[in-house]
Amino acid sequence: MLAAGLAAGGVAAGGPTTSGPATGGQDVQRGGGDRGGTSRAKNVVVIVGDGLSMAARDAIRLATVGQGGQLQMDQLRYAGWMYTDSADPEEAVTDSAAGATAFATGVRTYNGAVSVDVDGNPVTTLLEHAKALRKATGLVTTAQVTDATPAAFGSHVPDRGDQTEIARQLVEESKPDVILGGGEDWWYPTGDEGAYPDDPADPRPEVSRSTIGNLVERAQDAGWTYVSTAAELEATDADRILGLFANEEMFEQAPEGQGDEYAPVVPLATMTAKALDVLRHDRQGFFLLVEEEGVDEMAHANNAARTIQAGQALDEAVAVVRDFAAKHRDTLVVIVGDHETGGLAIENVSASDESGDPASTVPGVLQSLEDGPFPIAGSDLQFTVDWTTGGHTGAATPLTADGPGSERLARAQKNTDVFDAVLAAMRGRR
């Protein structure tokens, strides 16, 4: 699809579209780029599949809609790809912090840095630019809301591990109107469990650990409505919401059969729909960051079944966003992967090839083996997933986009070019 799209001047190849996961989203071929005679985007939604490679997108596609179908994320008008290199002096492959910083700020930095340059100086983020344009802003993720990707849009720290400071900056400095995800442990002090009980036995472990007091109370005092369940999120009509729905991530990442689970208390699509419902009322528009972290974390565990499941949840959120954009045509939608994780490859089922099941390995010891087989939707065919690493790789990642200014992204580009295109669209510049 990427090659065909670029060959056609950046417009994805035509042909019938096929619906993605059953989400109620509309499968309508829509124009992008210059809508209504202007390249200005009133609204921007940047959707990040953490660790989402081209191969991962294809594995999700095959398992979900089959060889003749397209995911929701594949149906945006323009397609390109993004080089993921960081500016780390010691490592060739980026991490999520440097990767997200690049497209959040337009500045390449060292691994572990959150929206600071290589000298540790803060650099302005797209969320901060949006606030300067008087837009509403939001962060939605299945990771901790203070994890690397959302943090790169709403904070500035030299070390991504300083998540309590990131939480403080969200409340006291960048002040997104909507903050939804996991990670309540970083908001509550030791001994105050919050809504989700501490679990010291968890390998991570899951315990409250704020070093500067109760940040949930600070947020409430500053005007946010705090929610911790799906029912509370659905019921609130507040225009500023802080929602924390897990101790840490909103899933359990592990190799297959070793405690792995993808069952967020609030699905990513539901959080995304709520954020859009709140932010759409701002007369100047909004900027929203949506992240699915499960693709990355499950790929780190070489767990293809859960990687696909998290990818399907991401695609359901994309369907929600596409439906919104169909009704609000001044909305720019950009879908990116910050880096590739796991060295995922799609292969035929073959007894003569290397084979194995991560569930059969020694507990806690990750081995790169074939995973599957998985059925290809709508056919009798199957495929396996082969892993080459439990870490990141330096592969480029796919990008699809639609809406005002999206044509700028239909090419091979640096990760910092995403920042340039989004900022230009928010400002109405070609």
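Add 133 to the 1-based position in the sequence shown for my numbering, that's all there is to it. Glycine included, C-beta positions come from ideal geometry on N, C-alpha and C.
Start and end residues, beta strand (DSSP E) containing E503: 503-508
Spatial neighbours of L195 in its chain, beta-carbon cut-off 8 angstroms, leaving aside the 5 residues before and after: I479, F507, I509, A510, F516
One or two residues paired with Q546 in a DSSP bridge: M215
Euclidean distance between Cα positions of S485 and M187: 26 angstroms
Bridge-paired residues (DSSP) for I374: V311, T358
Proximity winner among K308, A265, A269, L266, relative to A618 (alpha-carbon distances): Residue 618 lies beyond the residue range present for the chain, which begins at 134 and ends at 563; the question has no answer from this structure.
Where the alpha helix (DSSP H) through V451 begins and ends: 437-460
Buried or exposed by the 16-neighbour rule on C-beta atoms within 10 Å, applied to H289: buried
G376 versus G314: straight-line alpha-carbon distance, rounded: 6 angstroms
C-alpha distance - T197 paired with A438, whole-angstrom precision: 12 angstroms
Buried/exposed call for P330, threshold 16 Cβ in 10 Å: exposed
CB contact flag (A458, G184, <8 angstroms): no
Inter-residue spacing [alpha-carbon to alpha-carbon] between Q442 and H525: 19 angstroms
Own chain partners of V482 with C-beta closer than 6 angstroms, once the 5 adjacent residues on each side are dropped: P506, Q515, T517
Nearest candidate by alpha-carbon position, reference A233, set L366, A368, K547: K547
Contact test: Y216 Cβ vs the ligand GTP heavy atom, cutoff 7 angstroms: Ligands are entirely absent from the displayed structure, and the ligand GTP is therefore not among its contents.
Nearest neighbour of L266, chosen from A189, R173, E430 [CA to CA]: R173
Same chain, Cβ closer than 7 angstroms to E473, neighbours up to 5 away in sequence not counted: G184, S186, H525, T526, A528, T530
Contacts around P255, its chain only, beta-carbon distance under 6 angstroms, and the 5 residues preceding and following it disregarded: V249, H289
Nearest to G316 (by Cα), restricted to the options N436, D218, A281, V551: A281
Proximity below 8 angstroms, CB of L272 to CB of G294: no
DSSP state of H472 mapped onto helix, strand, coil: coil
Rounded separation between G327 and D318 - CA only: 8 angstroms
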